[in-house]
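Let me begin by presenting the structure, written as structure tokens, before commenting on it.
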Amino acid sequence: MKLVTAVIKPFKLDDVKQALHDIGIAGMTVSEVQGHGRQRGHTEVYRGAEYVVDFVPKVRMEVVVDDGDVTRVLDAIVAAAATGQIGDGKVWTTDVGDLVRIRTGERGPDAL
Amino acid sequence: MQIDAGDTAWVLGSAALVLFMTPGLALFYGGMVRSNNVLSMMVQNLATIAVVSVVWVVAAYSLAFGPDAGGGFIGTLHFAGFAHPEAPVPGLHLTVPPLAFAAFQMMFAVITAALLTGTGADRMRFAGFLAFAAVWTLVVYAPIAHWVFSPGGWLAHRGVLDFAGGNVVEIDSGASALALAWVLGPRRGWPRDAMAPHSLPLTVVGAGILWFGWFGFNAGSALAANGLAAQAFVGTQLAACAGLLGWVVVEKLRTGHATTLGAASGAVAGLVAITPACGFVNSLAAIVIGLAGGVVAVLAVGIKYRVRYDDSLDVVGVHGAGGVVGTLLVGVFATQHVNSAIGSRGLFSGGGLDLLGEQALAVVVTIAWAFVMTWLVAQVVQRTVGLRVSESVEVEGLDTAVHAESAYDFGNVRAGRIGA
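If you're matching them up, the sequences are chains A and Z in order.
Going letter by letter, the first sequence gives residues 1 to 112 in this note's numbering.
Going letter by letter, the second sequence gives residues 1 to 420 in this note's numbering.
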């Protein structure tokens, strides 16, 4: 099993969610984060005091998937999240050791 | 004089409007501080209402408006504890009950002290500030109020004109803020660390409440429901608008952006500037005065970075500078066409430089007294109750460290249980 993590533009979340539902991936966890890669931030001004704000609001989406689904999931996320403009984000995978469905106690791939 | 129902209703209503300005100030300031200090700012304002109101009744009202003790410097304690509530203020022939006047003036003392919470944002001790506010009301606010607002006061005798508190409230708080900022010292990390407002929506709501309440502050100072109150009302509105536009245009030219905080601050600066003038100048003059207030204030708030004092929420730059502008412009624009009761006229009404000279004297004297006495009071409080929190408390934030509260928990993630 793999944990797929994507950091994307917030307004793209709905498209990504829909794209994953369309290929049969039902669940995910979403958090609001701040981040930047090569995208520059912006300047804010308060009573003449200038603040350079490097970070940009992003959404982090995480979903645990079966090894065999990884390629389809990555393709779906990239297609749905891309705008072609700087700041589209990144998606990556990490290995998952154990997985348990809390309500039923199912373990492993049965918990997906 | 006979008690007039309309006048009394207006003055009582105005007193409530002015009181509302202090919770409004809590929102205005609260939005401008960081989220771990918003509650401390708000409770300091609320508690200032409580402390100053009591001090007012116990002694400050009498010191300000009681029979003059000699020389026009201070009142006696004849009215201490609101004794003789049916007795009028010597020299004031009002058509409202003296108690209504005393209540109205109470709210002025409250908000003037509350303004100083903005100078010490993020680092002032709670008990220390309340002790400071109590003593300050007695030795700084009450004397200046006596000099200017009481018919027995020496500046009033000289013909100084201050309709609603350009000297008594605005310059007073501005000069006091400078002394307080100096004694307190800057916030840890100022000016390099980011200390941006955490919630400008709160600030804008607060500015709206201040604007609304200011009609009571200014038009209520006519102490009657009449044409003078109407002129003060109109002038107040126009000055707020001109101040807003002035600030926003200047900041757009200087920084390239017109900001929400600038619009809110500009409106306040305009209101500050018209405060001494609204009962003496006509509508067009009010626009000029408000515009001057906004433009001077937007430039004045930058001074603290060059002179290096941390007047955190710009009491000096907005209230001090705006108050000076308005008080001096009274000497230019005051006219008997607006207020037939005034003895002198401004420069543009053929009065020459006399009134302007008296206004300038009032500015200098108010700044001097407020600055020196505030410095003294702050020094005493610092050495007794304590004025500033410790470094670790300041780093953690006053809300949790001092008040054991946090302002926001949108995710319902605050852990812990009752009685743990």
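Ideal Cβ placement from N, Cα and C applies to all residues, glycine included.
(message) Does any residue of chain A have a CB that is nearer than 9 angstroms to the CB of residue 261(Z)?
(response) yes
(message) Whole angstroms are fine: how far does the CA of residue 71(A) sit from the CA of residue 30(Z)?
(response) 50 angstroms
(request) Pull up the distance between the alpha-carbon of residue 310(Z) and that of residue 221(Z), whole angstroms please. (result) 33 angstroms
(message) Within a Cβ cutoff of 8 angstroms, which residues of the same chain sit near residue 361(Z), ignoring the five residues on either side of it in sequence?
(response) 155, 158, 160
(message) Against residue 257(Z), what residues of chain A qualify as contacts under a CB-to-CB distance less than 8 angstroms, listed in chain order?
(response) 45
(request) Within the same chain, show all residues whose beta-carbon is closer than 8 angstroms to that of residue 10(A), passing over the 5 residues directly before and after it, in chain order. (result) 32, 57, 58, 59
(message) Would you call the stretch 203 to 222 of chain Z in contact with the stretch 90 to 100 of chain Z, where contact means no fewer than 3 C-beta pairs closer than 8 angstroms?
(response) no
(message) At a threshold of 8 angstroms, does residue 55(A) count as lining the ligand GTP (C-beta to nearest heavy atom)?
(response) Of the ligands one can find in the structure shown there are none, so the ligand GTP has no counterpart to examine.
(request) Between the Cα of residue 302(Z) and those of 66(Z), 255(Z), 337(Z), 106(Z), spot the shortest distance and give me the residue it belongs to. (result) 255(Z)
(message) Can you list, in chain order, the residues of its chain with a C-beta nearer than 7 angstroms to that of residue 191(Z)? Leave out the 5 residues immediately preceding and following it.
(response) 305
(message) Can you find the residues in the same chain that come closer than 8 angstroms, C-beta to C-beta, to residue 377(Z), ignoring five residues on each side of it along the sequence?
(response) 132, 135, 136, 139, 140
(request) Taking the CB atoms as reference points, tell me whether residue 267(Z) and residue 241(Z) lie closer together than 9 angstroms. (result) yes
(message) Comparing C-alpha positions only, which one of 258(Z), 47(Z), 100(Z) sits nearest to residue 6(Z)?
(response) 100(Z)
(request) Report the neighbours of residue 48(A) on chain Z: residues whose CB is nearer than 8 angstroms to its CB, in chain order. (result) 251, 254, 255, 298, 301, 302
(message) Using the three-state DSSP reduction, which class does residue 6(A) fall into: helix, strand or coil?
(response) strand
(request) Report the three-state DSSP secondary structure of residue 89(A) (helix, strand or coil). (result) strand
(request) Anything in the stretch 175 to 209 of chain Z with a Cβ closer than 8 angstroms to a Cβ of chain A? List those residues in chain order, please. (result) 191, 194, 196, 197
(message) Among 71(Z), 72(Z), 103(Z), 74(Z), whose alpha-carbon lies nearest the alpha-carbon of residue 86(Z)?
(response) 103(Z)
(request) May I ask you to report which of helix, strand or coil DSSP gives residue 312(Z)? (result) coil
(message) Under 9 angstroms, Cβ to Cβ, is there at least one residue of chain A near residue 406(Z)?
(response) no
(message) I need the DSSP call for residue 143(Z), collapsed to helix, strand or coil.
(response) helix
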